[in-house]
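In the UniProt record's numbering, the protein residues as written are 1 to 218.
Built from N, CA and C at the ideal position, the CB exists for glycine as well.
This structure is a prediction, so every number in the text was calculated from the model and none was measured.
One structure below.
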Amino acid sequence: MEFTSITAEQLQDRPDPHEVTDAETVYRGAIWDVARETFRMADQDEPLVRDFITHPGAVAVVALDDQDRVLLINQYRHPVRTRMWEIPAGLLDVSGEPALAAAQRELGEEADLVAEHWDTLVDFENSPGSSAEANRIFLARGLSEVPDAERFTREGEEAEIVAGFADLDDAVAAVLSGRLTSPAAALGILAAHVARSRDWSTLRAPDAAWPARPGHAG
């Protein structure tokens, strides 16, 4: 393999849809399905078959208080049999709902908080080799509590959520030491730390373009 220098302008993912010659849904689930698609790579005679999770996309929130402490919620995740420190997050499963509105809803539902200031912090594809899940992480500041009478009643795993604030530097150390492994939390914490070191100049508008958001959201 030959290696070339990559310029700053080239550091951008680009859409490159390959023609799908056959497609079927091999599993239908409560939240997402599993699709099987057949396609060809350029100059290859044999087709490739891939199974992957379809997904409406998701949003997450790094919420910072006036001391630059990050809000973390502790929640049980059954597939990994672990109680994990995470940031508020949720699916884009409401038809037509803007990503920002979904993030604001999740912050209220999972942490009983609203925020005065919102920015786009970072985007990522959760596991692009096996899932179509696209994620956007927002930065929320200027926090205040939702009045008691207006709070969301949490159910299921969310009923046992415990929330608190951690020093951002401590959270970064927890990520780098492997003690905190939720992907959205890890990326969001590191991105917030970098953004703060650059005087928040890396932040994008809360309604910034998001080409990766699945067209079938909701």
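- Fully enclosed alpha helix (DSSP H) runs of no fewer than 4 residues occupy 99-111, 168-176 of the UniProt domain "Nudix hydrolase" (53-193), in order along the chain.
- Our two residues, Val70 and Pro183, have alpha carbons roughly 15 Å apart in a direct line.
- Taking every protein chain shown into account, the CB of Asp16 has fewer than 16 other CB atoms within 10 angstroms, so this residue is exposed.
- Take the alpha-carbon of Ile87 and the one of Thr38: they are about 36 Å apart.
- Relative to Ala111, the option among Thr120, Glu125, Leu143 whose CA is nearest is Leu143.
- Annotation: Arg204 to Glu9 spans about 18 Å, alpha carbon to alpha carbon.
- For the pair Ala186 and Glu160, the Cα-to-Cα distance works out to about 22 Å.
- Taken in chain order, the complete beta strand (DSSP E) segments of 3 or more residues contained in the stretch 12-43 are 20-28, 33-39.
- Segment contact: the stretch 192-200 against the stretch 95-102, fewer than three CB-CB distances shorter than 8 Å; contact not assigned.
- In this structure, the beta-carbon distance from Val34 to Ile53 falls below 8 Å.
- Relative to the Cα of Phe165, the nearest Cα in the group Val146, Ile189, Thr153, Ser177 belongs to Ile189.
- The three-state reading of DSSP puts Arg198 in coil, since its state is none of H, G, I, E or B.
- Of all alpha-carbon atoms in Ala23, Arg40, Asp119, Asp45, the one lying nearest the alpha-carbon of Ala60 is that of Asp119.
- Counting the other CB atoms within 10 Å of its CB gives Glu116 a total below 16, which places it among the exposed residues.
- Beyond the five residues adjoining it in sequence on each side, Val146 comes within less than 7 Å, by CB distance, of Gly108, Asp112, Leu113, Val114 in the same chain, given in chain order.
- Here Val162 is exposed: its Cβ has fewer than 16 other Cβ atoms, across all protein chains shown, within 10 Å.
- Around Asp123, the same chain offers Arg136 as residues with beta carbons nearer than 6 Å, after the five sequence neighbours per side are excluded.
- Across the structure, Asp51 and Ser127 are spaced so that their CA atoms are roughly 13 Å apart.
- Only exposed fits Leu11, as fewer than 16 other CB atoms lie within 10 angstroms of its CB.
- Between Arg213 and Ala134, the beta carbon gap of about 6 Å places them in contact (Cβ cut-off 8 Å).
- If you draw a straight line from the Cα of Asp22 to the Cα of His78, it is about 34 Å long.
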